[in-house]
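Numbering-wise, the UniProt record's numbering puts 233 at position 233 of the sequence shown, and it's gapless, one number per residue.
Glycine included, each C-beta is placed from N, C-alpha and C at the ideal position.
One structure below.
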Amino acid sequence: MGLLDSVLVVAASGVLTFFLAYLVVVPNDTDSLGSLSSVTDSTGCAMLEQFYPQDDDHHRVKLSQGKTHYFFKGPVDGKRIVFIHGINVTAYVFPQTLQALVDQGFRVLAYDLLGMGYTDAPGVKYDSDTYTAQLKDLLDHIGWEKSVICGHSLGGGIATEFADRYPNENYVLFGGRALLSQRAKKHLQGFIAPPYNVHMYNTQLLNFKHNPGFARCYFKTVQHGPIQNRDATFKRVGKAFGDRVLCIWAKGDTTCDFKVEGARFQEYMPDANFVALEGRHTVLGEQPIECVQLISQFTEQ
């Protein structure tokens, strides 16, 4: 048995354990569960201090579906951009990328999706309606009427759904469509490269191990979330937005398969700005400087 096969066995065992734990810790589908805000044990608190620290620009606000955690970075008068993270992680998954955006003069709004990070885990469906309503509520709360919407992975699906319902200034996608049928071995090989994996994996571990609301969120998002079969939405947005879309896709991405999904994206959005970079599914974290330069150029057009 090779190393990757051993990893797959461990991963499969971990998923089974996680599923069994889900059946035990989730009492029903309607209770509002906790978040990383409720962590009190020393191990969890130490991990939060290292991998998801908070400062004065971090806030938790009560919106229609519960409390959402968000934070700002960058100059108050900078170009506004909203960062939507992917599944399993938090808004602080790519700190190097957030800093690169700040260095380019952006005013960054990043927030934890429902059921992840410091945001509440309400008893909701965790579908497109859930996630677009959360973003709309948050933007209404802070008073941003126009901004660049930037989504990675699941966040790309949310950004597309949001653009379809609430036409915005423009938006940026990183691996915006997921094929969950990809084999696990390919998924592991095409996900994230070292040394960036250390911070991301620990961010994931915070949710899986210390977030009491994450298990239900994860399974419901996989079932109902905007992560597959969004063809009609992409076609509508492609027609409505034209070249006001930037999609950055990594050639080595097998989570959102570059060859299959990338070609389909270009078919649905022929006028979009499509850039292929070397890298994996998390190219936004692997090549922050190059990605942010592309975003900056795109927003100046």
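Let me confirm a value: residue i is counted as buried when at least 16 other C-beta atoms fall within 10 Å, else exposed. Which label applies?
i	result
T282	buried
V82	buried
L284	buried
residue 326	The requested residue 326 is not part of the displayed model; the chain covers only 1 to 301.
E161	buried
D55	exposed
Y166	exposed
Q301	exposed
residue 374	Within the shown structure, residues of the chain are numbered from 1 to 301, placing residue 374 beyond reach of any answer.
K73	buried
E49	exposed
V260	exposed
G155	buried
State the CB to CB distance for the pair residue i and residue j, rounded to an integer number of angstroms; the pair is presumed to be in contact (CB under 8 Å).
i	j	result
V172	V148	6 Å
K251	F241	About 24 Å; that fails the 8 Å criterion.
R131	P212	Residue identity check: residue 131 is Tyr in the sequence provided, not Arg. In fact, because the Cβ distance is near 20 Å, the residues do not count as touching under 8 Å.
S35	G117	7 Å
V237	D129	Contact doesn't hold; Cβ gap of about 17 Å is too wide.
L114	Q65	6 Å
D137	L63	4 Å
When DSSP builds the beta bridges, which residues end up paired with residue i?
i	result
T68	V61
A110	F71 and F83
L33	A121
May I ask which residues mark the beginning and end of the beta strand (DSSP E) holding residue i?
i	result
N88	From DSSP, N88 is part of no beta strand (DSSP E); its letter is neither H nor E.
K151	Lys is not the amino acid found at residue 151; the sequence shown has Gly there. Segment V148 to H152, the beta strand (DSSP E) holding G151.
Locate the alpha helix (DSSP H) running through residue i, then write down its first and last residues.
i	result
Y268	F258 to Y268
F241	D231 to F241
T221	F214 to H224
Y131	S128 to I142
residue 319	With the chain covering only 1 through 301, there is no way to say anything about residue 319.
Specify whether the segment 278-296 and the segment 87-100 touch according to this definition: at least 3 beta carbon pairs, one from each stretch, less than 8 Å apart. yes
Does the segment 204-222 touch the segment 73-89, meaning 3 or more C-beta pairs lie closer than 8 Å? yes
Pair every Cβ in the segment 39-54 with every Cβ in the segment 73-83, then say whether three or more of these pairs are closer than 8 Å. no
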